[in-house]
Amino acid sequence: MLLWMMAPLGLRRVAFFRVRQVELVGIRYLDADQVLAALQLSPRASVFDDTEVLVDRLRALDGIADVAVTRRPPASLKVVVRETEPVALVANARGALTVVDAVARPLPFELVSLDLPVVQTGEKGDSGVVAVLARIQAVDPALFQTIDAARLTGGENRDVVLELGRHRVLLTSDAGPEVIQSVVLVARDLAAKARPYAELDARYAGQIVVRRRPGAAKRTGSARSA
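Here the sequence shown is numbered in the working numbering, starting from 11 and rising by one per residue.
(1) Going residue by residue through the region 173-231, where are the continuous alpha helix (DSSP H) segments of at least 4 residues, counting only ones entirely within it?
(2) What are the residues that DSSP puts in a beta bridge with R161?
(3) Should L46 be labelled buried (16 or more other beta-carbon atoms within 10 Å of its own) or exposed?
(4) CA-CA distance, R92 and G36?
(5) Hey, V65 and V77: beta-carbon distance below 9 Å or not?
(6) Could you check the C-alpha separation between S235 and L68 for me, to the nearest Å?
(7) Can you list, in chain order, the residues of its chain with a C-beta nearer than 7 Å to that of D72? Leave out the 5 residues immediately preceding and following it.
(8) Quick one: Cα of A185 to Cα of L153, how far?
(9) Could you please give the first and the last residue of the uninterrupted beta strand (DSSP E) stretch that includes Q147?
(10) Where do the N-terminal and C-terminal ends of the alpha helix (DSSP H) with T61 fall, by residue?
(11) Is it true that the CB of P127 sits closer than 9 Å to the CB of D111?
(12) So the candidates are S183, S86, V109; which of them puts its Cα closest to the Cα of T61?
(13) Could you spell out the range, first to last residue, of the beta strand (DSSP E) harbouring V32?
(14) For D169 and D41, I'd like the C-alpha separation in whole angstroms.
(15) Taking the C-alpha atoms as reference points, what is the distance between V219 and A202?
(16) Where do the ends of the beta strand (DSSP E) carrying D76 lie?
(17) Could you check which residue in R161, Q155, E120 has the C-alpha nearest to that of T182?
(18) Per DSSP, what kind of secondary structure is S123 in: helix, strand or coil?
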């Protein structure tokens with residue numbers, strides 16, 4: 011048993027087992043060269059080196075949520091990556107866009123490979139808007155894909171406006187799965203009946219206001235159809 015446990019230590023010194031190939035799985039947004047560089051493999055790296063060291067190095071890389079490294083003797087490593095899911099593109103005061111995750115942390119992803127809503131606020135409320143988008147992404151990915159942009163209403167309630175082509179959706183910043191699903195059902199029903207609308211206001215408990223023309227973003231105490 012001891013001999014078997016010591017075998018990898020001895021094999022590390024054998025040139026035949028030096029790493030000559032790394033297979034990357036799960037890379038969609040990160041640059042492959044960046045991931046390979048983060049491994050910090052020396053020319054004498056062996057497939058029998060401690061893979062946990064490699065895992066720790068990759069987990070320190072922004073944009074990686076989780077990773078596993080397995081040996082593929084005689085000379086390969088397989089790296090399976092789960093990337094952090096991008097949620098939005100946040101615009102700064104000059105219009106430059108930054109890719110962010112569900113809690114508005116910047117991600118080192120290339121913009122050209124992403125089709126995400128643009129968060130137009132550029133204020134401290136960015137994280138609140140991004141959080142709403144993240145919930146929509148989790149609850150109904152199809153709805154999420156139709157969102158072009160999102161921003162705060164600017165009122166005291168810090169509600170969120172979603173731009174979906176010619177339509178708008180108004181939500182509270184704490185809108186949960188039930189509200190999001192209700193918006194989807196109402197939009198689907200309106201489409202099935204060929205009823206035009208400009209805005210769905212889901213900020214009122216237990217109801218969604220359908221407006222033919224965009225209403226004022228400010229929320230009042232009662233809901234009326236327009």
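Even for Gly, the Cβ is constructed at its ideal location relative to N, Cα and C. A quick note: this is a predicted structure, and the numbers were derived from the prediction, not measured.
On the basis of the data shown:
(1) 187-202
(2) Within the sequence shown, residue 161 is the residue found at index 151, counting from 1. According to DSSP, which records beta bridges pairwise, R161 is partnered with V171.
(3) Locating residue 46 in the sequence shown gives position 36, counting from the first residue. When all chains shown are included, L46 counts as exposed.
(4) Counting from one through the sequence shown, the residue named residue 92 turns up at place 82. Counting from one through the sequence shown, the residue named residue 36 turns up at place 26. Taking the straight line from one Cα to the other gives about 6 Å.
(5) Within the sequence shown, the letter at position 55 stands for residue 65. Within the sequence shown, the letter at position 67 stands for residue 77. Against a cut-off of 9 Å, the Cβ pair of V77 and V65 comes out as a contact.
(6) As a first step, residue 235 is located in the sequence shown; it is residue number 225 there, counting from the start. As a first step, residue 68 is located in the sequence shown; it is residue number 58 there, counting from the start. Residue placement at S235 cannot be trusted, given a pLDDT of 46 that sits under 50; what the coordinates show is reported in the next sentence. Rounded to the nearest angstrom, the two C-alpha atoms are 53 Å apart.
(7) What you label residue 72 is simply residue 62 of the sequence shown in a count that begins at 1. Closer than 7 Å at the Cβ level, and outside the excluded window around D72, lie L117, P118.
(8) Here residue 185 corresponds to residue number 175 of the sequence shown, with the count starting at 1. Here residue 153 corresponds to residue number 143 of the sequence shown, with the count starting at 1. Distance between the alpha carbons of A185 and L153 is about 15 Å.
(9) Along the sequence shown, read from residue 1 onward, the residue named residue 147 stands at position 137. Q147 -> not in any beta strand (DSSP E); alpha helix (DSSP H) instead, spanning 136-149.
(10) As a position in the sequence shown, residue 61 is number 51, starting the count at 1. Note, T61: alpha helix (DSSP H), 61-69.
(11) By 1-based counting over the sequence shown, the position of residue 111 is 101. By 1-based counting over the sequence shown, the position of residue 127 is 117. No, Cβ-Cβ distance for D111 and P127 is not below 9 Å.
(12) The residue labelled residue 61 in the question sits at position 51 within the sequence shown. Closest option to T61, Cα to Cα, is S86.
(13) Stepping through the sequence shown from its first residue, residue 32 is reached at position 22. V32 -> beta strand (DSSP E) spans 31-35.
(14) Here residue 169 is taken as the residue at index 159 of the sequence shown, counted from 1. Here residue 41 is taken as the residue at index 31 of the sequence shown, counted from 1. Each residue's Cα considered, the two are about 36 Å apart.
(15) Reading the sequence shown from its first residue, position 209 is the one you call residue 219. Reading the sequence shown from its first residue, position 192 is the one you call residue 202. In a straight line, the C-alpha of V219 is about 18 Å away from that of A202.
(16) Here residue 76 refers to the residue found at position 66 when the sequence shown is read from its first residue. Per DSSP, D76 belongs to the beta strand (DSSP E) from 74-82.
(17) By 1-based counting over the sequence shown, the position of residue 182 is 172. Ranking R161, Q155, E120 by Cα distance to T182 puts R161 first.
(18) In the sequence shown, residue 123 corresponds to position 113, counting from 1. Reduced to three states, the DSSP call for S123 is helix.
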